[in-house]
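If you use the working numbering, the sequence shown closes out at 204, no skipped numbers anywhere.
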Amino acid sequence: MSSTSTNLESIQNKETSTVTIMNMPEQISLDKWADSGFEWQGEIAPASFERLAKLLTSEHEQSKLNLDASLYRHNNVLHFAFKLTGEIWLTCQRCLQPVETDLTDNYDIALLDDEDQSRLIDSEQDYLLLDEIITEQTPERLLPFKKLVEDEILLKTPLAPKHYDCEMVIEQFGEIPEEEESENPFAALAALKGKL
Ligand SMILES: [Zn+2]
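See the structure below:
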């Protein structure tokens with residue numbers, strides 16, 4: 009996990025309409041990019057996210073997700089923003105058939121040096137403390153780019169996915185009790201992320 013961070017070879021313009029796919033960086037160097045800004049655009053297979061991969065169904069083809077991500081500063085606060093386009097296929101917890109979850113959304117997280125900086129952001133702005141997400145002791149500060157994107161995807165992924173109008177005939181099983189909302193295993197991710 010070292011130099012993939014600056015994996016920004018120029019894109020070869022091919023005559024075909026296929027998009028050249030560069031590997032998504034695992035990490036990006038904040039020392040290098042925090043001030044100049046950073047952008048990455050590309051496609052990612054949902055299964056390339058290790059934790060997410062465990063939740064995906066193998067009964068339906070997974071399409072690539074499109075990601076358009078950037079680091080920028082606003083009010084002198086660093087932000088990690090990305091637009092995700094695409095959906096993932098999970099398993100309906102009622103009929104066990106594939107069910108789709110759309111991940112398309114704009115995500116924006118302020119990356120604060122310390123709690124004091126939270127005064128500089130809007131009350132609705134999601135934020136994370138850099139100290140809590142940069143856990144590796146390396147000479148340069150590496151933002152876990154891919155992990156942060158995956159965290160957001162996991163937070164948007166339903167714990168018990170179900171078809172909106174699941175057609176499973178429930179009579180043969182009698183009443184299916186409403187499952188209690190058990191604790192989302194990824195709740196810790198949400199807890200990390202402060203809301204003012
Ligand atoms: Zn179903």
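Every residue, glycine too, gets a C-beta built ideally from N, C-alpha and C.
Pair within 8 Å by beta-carbon distance, residue i and residue j
i, j, result
"L64", "L92", "no"
"T45", "Y80", "Before going further, note that residue 45 is Gly rather than Thr in the sequence given. Yes, Cβ-Cβ distance for G45 and Y80 is below 8 Å."
"L111", "I161", "yes"
"L73", "P54", "yes"
"L167", "L138", "no"
Status (buried if at least 16 other CB within 10 Å, exposed otherwise) for residue i
i, result
"A61", "exposed"
"L104", "exposed"
"P147", "exposed"
"D124", "exposed"
"Y172", "exposed"
"E158", "buried"
"T143", "exposed"
For residue i, three-class secondary structure by DSSP
i, result
"E69", "coil"
"Q125", "helix"
"R81", "strand"
"F153", "helix"
"E51", "strand"
"A89", "strand"
"I36", "strand"
"D139", "helix"
"A118", "strand"
"D159", "helix"
Reference residue i; option with closest CA among the options
i, options, result
"F57", "D110, K154, K201, L197", "K154"
"P33", "A77, S71, T109, E140", "A77"
"N31", "I52, W41, K40, E47", "I52"
Taking any heavy atom of ligand 1 as the mark, which residues have a C-beta closer than 7 Å to it, listed down the chain?
-> Matched residues: C100, R102, C103, Q105, V107, K170, H171, C174, E175, M176.
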